[in-house]
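Okay, so here's the structure we're looking at.
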Amino acid sequence: MNREQLFDIATGWFESRGWKPFPFQTQTWTAFLQGKNGLLNAPTGSGKTYALWLPVVLDYIKNNPDYKTKHKPGLKAIWITPLRALSVEIKQAADRVNDDLGTGLTVGIRTGDTSASERSKQKTKIPDLLITTPESMQLMLASKDYANVFKTCGAIIIDEWHELLGTKRGVQTELALTRLKNVAPKMRIWGISATIGNLQQAMEVLLGPQSPALENSVMIRAHINKKINVVSVIPDKMDAYPWRGHMGLHLIDEAAKIIKGSRTTLLFCNTRAQCELWFQALLDKFPEFAGDLAMHHGSISRENRQWVEQAIRDEQLRAVVCTSSLDLGVDFAPVETVVQIGGPKGVARFLQRAGRSGHRPGEESNIYFLATHAIELVEASALRRAVQETVVEDRVPYLNSWDVLVQYLVTLAVSDGFYPDVIFKEVKGSFCYQGMTEDDFQFCLNFITKGSQSLQAYDEYKKVEIEADGKFKVNSKTIAMRHRMQMGTIVGDSVMNVKFLGGGYLGSIEEWFISKLNPGDTFIFAGRKLELIRVRNMEVMVRMASPGAKAMHASWMGGRLTLSAQMSELLREELYAANTDTMTRELRALKPMFTRQRKESIVPGDDEFLIETFKTREGYHAIFYPFEGRFVHEALASLMAYRISLLTPITFSLAYNDYGFELLSDQEIDMQQVLDNDLFTPQHLHLDLQHSLNATEMARRKFRDIAVIAGLVFTGYPGKVVKTKHLQSSSQLIFEVFRDYEPNNLLFQQAYRETFEHQLEEGRLLLALERIHRQQIVWKATEKPTPFSFPIITDRLREKLSSETLSDRIKRMTASYMK
Amino acid sequence: MTLNIQINSRDFILHCSGALFWVEKRMLLISDAHLGKVSHFRKHGAAIPGVLMHKNFDKLDSAVNYFEPESICFLGDLFHSSLNNEWQLFHDWVARTPVPIILVAGNHDIIAPKKYHDINITIVSEWALDGFLLTHYPEERDGLFTLCGHIHPAVLLAGKGRQFLKLPCFFKSAQQMILPAFGEFTGTYVMEPQEGDVIYVITKDDVLEVPNKER
Chain A
68 MNREQLFDIA
78 TGWFESRGWK
88 PFPFQTQTWT
98 AFLQGKNGLL
108 NAPTGSGKTY
118 ALWLPVVLDY
128 IKNNPDYKTK
138 HKPGLKAIWI
148 TPLRALSVEI
158 KQAADRVNDD
168 LGTGLTVGIR
178 TGDTSASERS
188 KQKTKIPDLL
198 ITTPESMQLM
208 LASKDYANVF
218 KTCGAIIIDE
228 WHELLGTKRG
238 VQTELALTRL
248 KNVAPKMRIW
258 GISATIGNLQ
268 QAMEVLLGPQ
278 SPALENSVMI
288 RAHINKKINV
298 VSVIPDKMDA
308 YPWRGHMGLH
318 LIDEAAKIIK
328 GSRTTLLFCN
338 TRAQCELWFQ
348 ALLDKFPEFA
358 GDLAMHHGSI
368 SRENRQWVEQ
378 AIRDEQLRAV
388 VCTSSLDLGV
398 DFAPVETVVQ
408 IGGPKGVARF
418 LQRAGRSGHR
428 PGEESNIYFL
438 ATHAIELVEA
448 SALRRAVQET
458 VVEDRVPYLN
468 SWDVLVQYLV
478 TLAVSDGFYP
488 DVIFKEVKGS
498 FCYQGMTEDD
508 FQFCLNFITK
518 GSQSLQAYDE
528 YKKVEIEADG
538 KFKVNSKTIA
548 MRHRMQMGTI
558 VGDSVMNVKF
568 LGGGYLGSIE
578 EWFISKLNPG
588 DTFIFAGRKL
598 ELIRVRNMEV
608 MVRMASPGAK
618 AMHASWMGGR
628 LTLSAQMSEL
638 LREELYAANT
648 DTMTRELRAL
658 KPMFTRQRKE
668 SIVPGDDEFL
678 IETFKTREGY
688 HAIFYPFEGR
698 FVHEALASLM
708 AYRISLLTPI
718 TFSLAYNDYG
728 FELLSDQEID
738 MQQVLDNDLF
748 TPQHLHLDLQ
758 HSLNATEMAR
768 RKFRDIAVIA
778 GLVFTGYPGK
788 VVKTKHLQSS
798 SQLIFEVFRD
808 YEPNNLLFQQ
818 AYRETFEHQL
828 EEGRLLLALE
838 RIHRQQIVWK
848 ATEKPTPFSF
858 PIITDRLREK
868 LSSETLSDRI
878 KRMTASYMK
Chain B
78 MTLNIQINSR
88 DFILHCSGAL
98 FWVEKRMLLI
108 SDAHLGKVSH
118 FRKHGAAIPG
128 VLMHKNFDKL
138 DSAVNYFEPE
148 SICFLGDLFH
158 SSLNNEWQLF
168 HDWVARTPVP
178 IILVAGNHDI
188 IAPKKYHDIN
198 ITIVSEWALD
208 GFLLTHYPEE
218 RDGLFTLCGH
228 IHPAVLLAGK
238 GRQFLKLPCF
248 FKSAQQMILP
258 AFGEFTGTYV
268 MEPQEGDVIY
278 VITKDDVLEV
288 PNKER
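Chains as they are written, first to last, in the working numbering: chain A, 68 to 886; chain B, 78 to 292.
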């Protein structure tokens with residue numbers, strides 16, 4: 068069959084559904100059928116799924132002209148999605164095409180939710196089209212004879228690649244691709260990505276730098292101009308607007324008004340805790356919403372989530388309070404309105420959320436912005452400009468993630484074993500490991516075979532063995548099993564399952580939260596008031612609590628978001644506008660707050676850098692306002708604290724948000740001395756940062772994930788009796804052990820490097836310091852906290868830095884008891 | 078490095094390693110050494126640096142050299158797990174430490190008693206001695222002051238300027254004192270002090286009593 072005939076089939080199918088293919092869809096079909104690899108840049112809900120499912124089917128038809136009568140077995144294509152919640156939707160799309168065209172192709176899903184019986188069925192008879200996640204993909208590489216399963220595969224599609232890029236799951240995907248390229252030489256590789264700043268690089272990471280795959284590739288962009296209307300919700304009375312707080316419940320009446328005025332509304336929260344809180348508050352205040360309102364976040368059980376997703380499609384719900392768990396994929400045609408509660412911190416994310424409404428091509432998208440505290444309104448007006456000018460940020464890919472490589476090598480050793488020469492070449496072809504030396508690779512090999520770089524007396528380390536012919540292999544069944552268990556958890560907070568006493572799974576919750584509760588305590592989770600009965604074997608047993616009981620909301624540690632560089636710049640420009648006559652609606656609404664701020668301090672202009680100092684019951688506060696986003700402030704705070712601590716022995720507690728940072732101490736900081744010594748200098752930045760990093764906890768926190776991924780911490784079997792309890796230990800302890808006894812360990816050093824590259828953003832920091840250097844420093848010693856300082860000084864999540872001896876510090880401290 | 082205290086008018090010395098010295102008896106008390114833990118991890122594929130297992134024995138040696146005790150009493154959890162190669166290191170340590178050794182068994186002590194008997198270590202489940210009760214688990218018994226372990230106590234200190242420190246400690250209440258875990262790589266549990274409790278925190282090279290105030 069020639070291409071024209073194949074296209075007739077495809078367009079005919081579109082017409083039978085009453086659709087017309089977009090140019091980007093036909094372009095993708097053509098490129099795919101020509102055997103090319105590529106990256107498709109298309110937003111959610113644009114029809115991207117059919118842009119790639121159709122050519123997969125067409126290719127099968129082309130190679131098997133008698134497809135209607137004779138089925139050719141074997142895997143044809145893999146579809147990788149970052150969220151397993153999306154897999155059902157993707158399967159439905161593929162089934163639709165196959166049913167209508169009568170191809171007889173089977174579609175299977177394999178994710179963490181797939182039952183054991185279903186998995187073993189897939190093993191004996193692999194589906195033609197397989198939908199899976201990066202973790203499950205790795206798990207397949209950990210099963211015997213995987214090469215045989217994959218060898219017939221003609222295509223792999225990585226959906227929502229922008230979500231994976233810049234994460235370690237993205238690195239897992241890169242590694243899987245290096246293997247598949249050899250195992251399935253005919254395989255095309257396609258990525259689908261929303262708009263990000265570094266699309267070209269995204270394609271390079273996907274296909275491998277300077278690879279033959281990259282040479283034979285195209286980038287296809289869907290130019291769909293969707294109109295997005297951003298509306299800030301501003302209450303009539305601004306005096307009541309809180310200066311701090313990130314829940315935003317004071318706008319609940321306005322939110323209810325929006326819900327009532329629209330057919331279906333999604334309310335996006337930034338955290339799961341906020342999501343729970345809003346859901347409960349809406350039901351409490353507006354009982355008429357009962358039955359029409361649902362909640363959706365990543366810790367709620369799959370059944371509940373799927374029910375909610377289906378209910379949205381069926382137009383059974385008025386509103387859903389959700390988190391980023393509903394950011395991606397699924398096509399919810401009936402969603403009319405989107406509400407963003409609190410700053411989304413990034414333009415790409417905001418655009419994606421806005422795109423959830425009016426999900427049909429050509430429809431307009433409405434997104435309402437609810438600022439949770441006053442200064443966030445500035446963010447709202449910055450966002451509107453960002454949307455108009457399509458300023459989108461980059462996703463920075465990881466480099467040299469030794470933890471993921473160590474995990475991958477054990478994975479290969481668990482299945483069929485591997486020969487290092489072959490794997491070294493493959494891995495080095497990936498973006499992440501392009502700079503890997505033979506020594507680095509040898510470190511990883513030693514780590515998995517000897518557990519160290521040299522053999523030691525009395526040592527019994529056992530993991531991967533080297534067989535006589537040089538093959539690296541795991542022969543112990545327990546080690547293999549434990550590795551498979553561990554692989555799924557690439558981000559490792561200890562989670563526990565929440566269950567009703569009489570049966571019924573509600574979802575998962577982080578251990579640290581449960582550890583604060585005692586049996587009999589009441590908490591709110593998954594929209595229910597629950598009483599804790601007992602915690603055993605990673606299971607939290609609960610029953611429904613009496614409705615009147617006082618309950619605390621479940622909370623999650625999950626990463627706080629930071630403003631991107633692009634957003635920070637827009638934010639500064641908006642704020643500087645507060646001193647001019649060209650103020651936006653949001654800025655005008657903030658007038659009372661600006662007046663308060665000016666009473667004791669200033670609203671800085673573009674040539675000014677503001678520092679405020681004041682004393683409260685807590686101690687001496689110094690607040691700096693670079694307006695550079697949380698991560699840069701985190702770095703700047705520890706840099707400044709470190710430099711000041713060199714002048715005099717002192718202990719600081721550091722806090723930061725997107726607007727500025729605070730150094731708090733029990734001693735007064737001599738600010739004049741800070742200015743005289745030019746402590747904002749960009750000189751010696753790298754060295755000073757390194758020192759300050761040693762003094763704070765940042766690298767230690769990064770190490771947590773590394774320890775889990777590299778198999779240093781065993782997280783236990785989910786939901787099973789933990790016989791291996793003796794093996795559990797915290798990454799904190801291991802971090803200290805490495806620091807004291809094995810500081811050259813690449814995994815330990817990786818924690819520091821990742822802090823530099825992904826958290827501190829040294830490059831941005833340098834630019835910020837250079838900017839501050841050009842600005843005039845305005846130091847205001849005020850009587851009491853200013854409106855700008857309020858959200859920062861009340862932040863409880865803090866870092867510390869000290870140049871005093873431990874004994875000196877202890878002498879000024881106390882233990883305390885509750886009477 | 079050390080701190081002298083009195084309990085029921087007997088002299089004791091607290092050591093920054095977490096060891097406790099009973100002056101009159103010339104007895105060294107050590108709790109929760111968890112020997113063999115590092116090897117246990119390594120045997121199961123977690124690559125904790127192996128040098129660490131020698132560290133515990135160095136620490137034992139320095140405490141013994143400092144006090145030159147006439148006997149040593151381990152208050153439980155001497156060995157973390159079942160037998161592994163670290164037993165050999167322990168065997169060597171016992172051989173070069175020529176004083177009577179007593180083990181008050183704890184929940185982790187699952188190695189066969191015969192192995193201990195073979196190297197002349199006495200195992201007891203508890204030991205009442207001159208008005209003191211030596212046990213692994215915290216317990217209050219009439220007429221006796223308990224010296225015990227098991228908990229791995231630590232305490233959270235607070236200071237002005239939102240300063241906090243978590244440190245391992247000797248935790249003394251009216252009728253008992255809980256010793257910190259002696260072993261490296263063991264972790265801690267943060268205690269909630271009550272009125273009247275006395276807290277001695279330990280750092281790398283110091284033991285300090287900290288005031289316990291009402292919140």
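Ideal Cβ positions, reconstructed from N, Cα and C, are used throughout, including at glycine.
Contact check for Ile276 (chain B) against Phe248 (chain B) passes: the beta carbons are separated by less than 8 angstroms. Contacts between Ser797 (chain A) and chain B, judged by CB atoms closer than 8 angstroms, involve Gly264 in chain order. A:Asp470 is the residue among A:Asp470, A:Lys135, A:Ser391 whose C-alpha sits nearest the C-alpha of Ala777 (chain A).
For Val300 (chain A), there is no enclosing alpha helix (DSSP H), as DSSP gives it neither H nor E. Residues of the region 858-885 of chain A with a Cβ closer than 8 angstroms to any Cβ of chain B, in chain order: Arg865, Lys867, Leu873, Ser874, Arg876, Ile877, Lys878, Arg879, Met880, Thr881, Ala882, Ser883, Tyr884, Met885. Annotation for Val388 (chain A): Leu334, Cys342, Trp345, Phe346, Met362 place their beta carbon closer than 6 angstroms to its own, counting only its chain and skipping 5 residues before and after. In the three-state scheme derived from DSSP, where H, G and I count as helix and E and B as strand, Phe805 (chain A) is classed as helix. The beta carbon of Asp180 (chain A) sits closer than 7 angstroms to the beta carbons of Arg151, Arg369 from its chain, once the five residues preceding and following it are set aside; these are given in chain order.
For Lys237 (chain B), the C-beta contacts it makes with chain A under 8 angstroms involve Glu685, Gly686, Asp733, Arg879, in order along the chain.
Between Gln509 (chain A) and Val699 (chain A), the alpha-carbon positions lie close to 35 angstroms from each other.
With a 10 Å radius around the Cβ and a threshold of 16 neighbouring Cβ atoms, His751 (chain A) comes out exposed. In the displayed model, Pro132 (chain A) falls within coil according to three-state DSSP, outside both helix and strand. With a cut-off of 8 angstroms on Cβ pairs, the region 812-823 of chain A is not in contact with the region 730-745 of chain A, counting fewer than three such pairs. The three-state secondary structure of Asp394 (chain A), taken from DSSP, is coil. Restricting attention to A:Arg255, A:Lys540, A:Val250, the CA atom closest to the CA of Leu106 (chain A) is found in A:Arg255. For Thr715 (chain A), the number of other beta carbons within 10 angstroms of its own is below 16, and it is reported as exposed.
Contact between Val459 (chain A) and Ile287 (chain A) does not hold, since the beta-carbon distance rounds to 18 angstroms and is not under 8 angstroms.
Here Glu101 (chain B) is exposed: its Cβ has fewer than 16 other Cβ atoms, across all protein chains shown, within 10 Å.
One thing to note: Pro245 (chain B) has its Cβ no nearer than 8 angstroms to the Cβ of Ala235 (chain B). Tyr709 (chain A) has a beta carbon lying at 8 angstroms or more from every beta carbon in chain B.
The C-beta distance from Phe691 (chain A) to Leu642 (chain A) rounds to 15 angstroms, too long to meet the 8 angstroms contact threshold.
Restricted to the region 403-491 of chain A, the alpha helix (DSSP H) segments that are unbroken, complete and at least 4 residues in length are 414-421, 443-455, 469-481, listed in chain order. In the three-state reduction of the DSSP assignment, Tyr687 (chain A) falls in the strand class. In this structure, Gly153 (chain B) places its C-beta atom within 8 angstroms of the C-beta atom of Gly226 (chain B). Listed in chain order, the beta strand (DSSP E) elements of length 3 or more contained wholly in the region 137-175 of chain A are 144-147. The residues Asp109, Pro245, Pro257, Ala258, Thr263, Gly264, Thr265, Tyr266, in chain order, have a CB closer than 8 angstroms to that of His229 (chain B) in the same chain once the five nearest residues on each side in sequence are set aside. Taking the beta carbon of Asp283 (chain B) as reference, the chain A residues within 7 angstroms of it are Ser874, listed in sequence order. In terms of CA proximity to Thr116 (chain A), A:Ala160 leads the group A:Asn812, A:Ala160, A:Arg452.
For Phe590 (chain A), the uninterrupted beta strand (DSSP E) segment begins and ends at 589-592. Taking all protein chains shown into account, Ala269 (chain A) has 16 or more neighbouring C-beta atoms within 10 Å of its C-beta and is therefore buried. Counting along the chain, Cys342 (chain A) sits inside no beta strand (DSSP E); it lies in the alpha helix (DSSP H) bounded by residues 339-352. Bounds of the beta strand (DSSP E) holding Ala361 (chain A) are 360-363. Put simply, the CB of Val128 (chain B) is near chain A, with a gap under 8 angstroms to one of its CB atoms. For Asn161 (chain B), a Cβ of chain A is located within less than 8 angstroms of the residue's own Cβ. With its beta carbon at least 8 angstroms from every one in chain B, Lys544 (chain A) lies outside the interface.
Neighbourhood of Arg119 (chain B) in chain A, by CB distance below 7 angstroms: Gly518, Asp526, Glu527, Tyr528, in chain order.
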